[in-house]
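Written below as structure tokens is the structure these notes are about.
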Amino acid sequence: MTTAAQDTTTAEPLIFIVEDEADIRSLLAETLSGYRFRTAAFANADTALAALDTASPAAVILDLGLPDMDGLEAINRIRATGPVPILVLSARSHASDRIMGLEFGADDYVVKPFDPREIVARVRSLLRRSATASPTAGDAEPLDIARFAGWRFEPGSHRLVSPEGEETFLSTGEATLLGALLRAPKRVLSRDYLLEHGGRDDTLDRAIDVRISRIRKKLTRPDEPPLIRTIYGSGYMLTTQVDWGG
Ligand code: CA
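Under the numbering used here, residues 243 to 488 are what the sequence shown spells out, in order.
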């Protein structure tokens with residue numbers, strides 16, 4: 243099956259580079275081009291968001307320190323345009339900042355200064371993970387929709403809709419993880435199982451816990467028991483029944 247959307251993930255994937263520092267922008271563009279990626283570079287968030295109206299990049303490399311928009315807002319607004327993986331660049335170098343990048347909803351996080359080949363490796367890994375997560379690339383049905391406790395989750399678009407109709411979009415890692423929980427409801431899933439079926443992140447073991455915590459926050463409603471329970475020493479369990487359908 244071939245669709246227009248898949249064209250962006252074939253031979254030369256299109257990568258958006260959003261970075262206000264011209265040197266870093268052109269270094270990334272040149273390096274990625276050398277590895278058979280197409281690139282489109284933007285000096286601020288607004289022009290990148292405008293371009294996302296008409297283009298569907300395979301991944302977005304996003305500097306967290308842009309002149310025109312707060313990093314978290316930029317991630318959320320890019321996320322709302324579709325299920326595109328986001329690799330965040332930051333000038334800050336604390337180890338905990340990588341966790342923070344994931345807590346912001348980025349798919350991966352790199353601290354400056356970086357070796358551009360490291361970015362190539364990370365982008366490739368993101369594309370592999372998003373191809374695995376995409377229903378058109380795996381064996382899942384493209385029209386699969388999960389309904390549970392009034393919620394609705396569409397793995398293909400990473401779209402999560404609350405019982406009140408409020409929508410949010412999950413990162414690739416979060417969407418894969420929630421998909422794994424929704425496909426095995428009322429079972430205790432170990433961290434090993436979730437690493438295997440919920441989007442292995444070979445660079446960061448704590449990623450599972452960070453993503454569970456983000457998914458939980460999104461699924462939390464006042465006066466309702468939590469839908470994802472921590473089973474101490476064992477893993478996590480989705481407590482509600484799930485109906486899968488088109
Ligand atoms: Ca910057």
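The beta carbon of each residue, even a glycine, is placed where N, CA and C say it ideally should be.
Taking the Cβ atoms as the reference, Leu-436 lies roughly 13 Å from Ala-417, outside the contact range of under 8 Å. Straight-line spacing of the CA atoms in Thr-482 and Lys-459 works out to 16 Å.
Judged by their CB atoms, Leu-314 and Leu-368 are not nearer to each other than the 8 Å cut-off.
When the Cα atoms are used, Leu-304 and Gly-487 turn out to be separated by approximately 35 Å. Across the structure, Asp-265 and Glu-360 are spaced so that their CA atoms are roughly 17 Å apart.
Counting only runs of at least 3 residues, the stretch 301 to 368 fully encloses the following beta strand (DSSP E) elements, listed from N- to C-terminal order: 301 to 305, 328 to 332, 350 to 353.
Membership of Leu-269 in the alpha helix (DSSP H) is indicated by the continuous run 264 to 276. In the structure shown, Tyr-435 adopts helical secondary structure according to DSSP, grouped into three states.
Put simply, the backbone Cα of Ser-455 is about 31 Å away from that of Ala-292. Apart from sequence neighbours up to five positions away, the residues of its chain that approach Leu-424 with a beta-carbon distance below 7 Å are Ala-388, Phe-390, Phe-395, Leu-480, Val-484, ordered along the chain. Counting every other CB atom within 10 Å of its CB across the protein chains shown gives Ser-275 a total below 16, marking it as exposed. Beta bridge pairing from DSSP links Phe-395 with Ala-388, Leu-402.
Here the alpha carbons of His-439 and Pro-309 stand approximately 38 Å from one another. Cβ atoms of Phe-411 and Ala-322 come within 8 Å of each other, at about 5 Å.
The Cβ-Cβ distance between Gly-477 and Leu-431 falls below 8 Å.
The residues Pro-327, Thr-414, in chain order, have a CB closer than 6 Å to that of Ser-372 in the same chain once the five nearest residues on each side in sequence are set aside.
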